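Note sheet for the following structure.
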Ligand SMILES: C[S@@+](CC[C@H](N)C(=O)[O-])C[C@H]1O[C@@H](n2cnc3c(N)ncnc32)[C@H](O)[C@@H]1O
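In my numbering, the protein residues as written are 68 to 286.
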């Protein structure tokens with residue numbers, strides 16, 4: 068049974084005892100997500116309209132931080148998040164992200180979670196969301212259609228199949244030229260696989276508790 072936990076920065080996360088795996092860093096879920104996906108991903112894309120694909124929509128934390136960025140910076144974001152195993156409503160109710168990021172986001176966060184799957188929904192003036200209820204392995208992406216991929220799968224130890232080169236090939240194909248993939252992960256084989264697909268791979272300082280993270284650019 069999945070459990071709600073509080074991480075070191077006071078923000079919520081979920082823990083799966085059977086896999087011994089957290090959804091986020093225990094050093095701080097919001098802190099990690101801001102560092103990896105917003106600071107080193109979203110902020111590197113300088114466009115008035117940005118198409119984002121997330122692998123593992125999960126708690127919706129990355130989507131909420133991205134909506135907040137769109138609202139503050141007046142950029143339009145089209146966000147597609149794929150999720151094979153949606154988080155249950157009772158767990159969603161325990162997540163404290165809107166309280167910590169901005170109370171003004173409370174309704175939007177609810178809207179994101181209650182919105183229908185596999186349908187494009189306008190969550191706010193700046194943020195359009197489509198949650199895709201499917202395994203990434205079964206998903207056929209549109210080629211060259213995203214500016215940014217948030218690759219937020221469980222770690223290699225818990226779910227090695229998510230890091231298979233066939234999945235990474237899909238990420239490469241769906242990104243537009245100069246598109247960026249960001250992830251908290253930094254395994255050597257993962258980075259070698261990205262390079263072999265044609266990505267330019269950067270190792271950047273990781274969030275607290277992690278030496279490195281990875282950013283890969285489709286050149
Ligand atoms: C590390 S968690 C992160 C989730 C989310 N980004 C968040 O911040 O809560 C990984 C997510 O990938 C989802 N997942 C697992 N296997 C998947 C698959 N084959 N295809 C798509 N999503 C999958 C899990 O259910 C989980 O929600």
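The beta-carbon is built from N, C-alpha and C at its ideal position, and this holds for glycine as well.
In this text, all values refer to a predicted model and were calculated from it rather than measured experimentally.
Check each candidate in the options and name the one with the smallest Cα separation from residue i.
| i | options | result |
| --- | --- | --- |
| residue 237 | 280, 193 and 120 | 120 |
| residue 202 | 183, 165, 248 and 153 | 153 |
| residue 268 | 278, 276 and 286 | 286 |
| residue 141 | 249, 113 and 101 | 113 |
| residue 131 | 105, 151, 235 and 118 | 105 |
| residue 128 | 89, 100 and 192 | 100 |
| residue 221 | 71, 83 and 72 | 83 |
| residue 75 | 87, 98 and 69 | 98 |
| residue 147 | 172, 90, 177 and 206 | 206 |
Give the DSSP bridge partners of residue i, in chain order.
| i | result |
| --- | --- |
| residue 271 | 280 |
| residue 180 | Note: residue 180 sits in no beta bridge, so no partner. |
| residue 197 | 147 and 187 |
| residue 250 | 281 |
| residue 216 | 120 and 248 |
Measuring from the CB of residue i, is there a heavy atom of ligand 1 at a distance below 7 Å?
| i | result |
| --- | --- |
| residue 144 | no |
| residue 287 | Beyond the ends of the chain as shown, which are 68 and 286, falls residue 287; an answer cannot be given. |
| residue 129 | yes |
| residue 159 | no |
| residue 204 | yes |
| residue 91 | yes |
| residue 220 | yes |
Should residue i be labelled buried (16 or more other beta-carbon atoms within 10 Å of its own) or exposed?
| i | result |
| --- | --- |
| residue 157 | exposed |
| residue 187 | exposed |
| residue 228 | exposed |
Practice item. Write down every uninterrupted run of the beta strand (DSSP E) in the segment 68-145 whose length is 3 residues or greater and which is fully enclosed by it, in chain order. Key: Listed in chain order, they are 70-73, 79-83 and 116-122.
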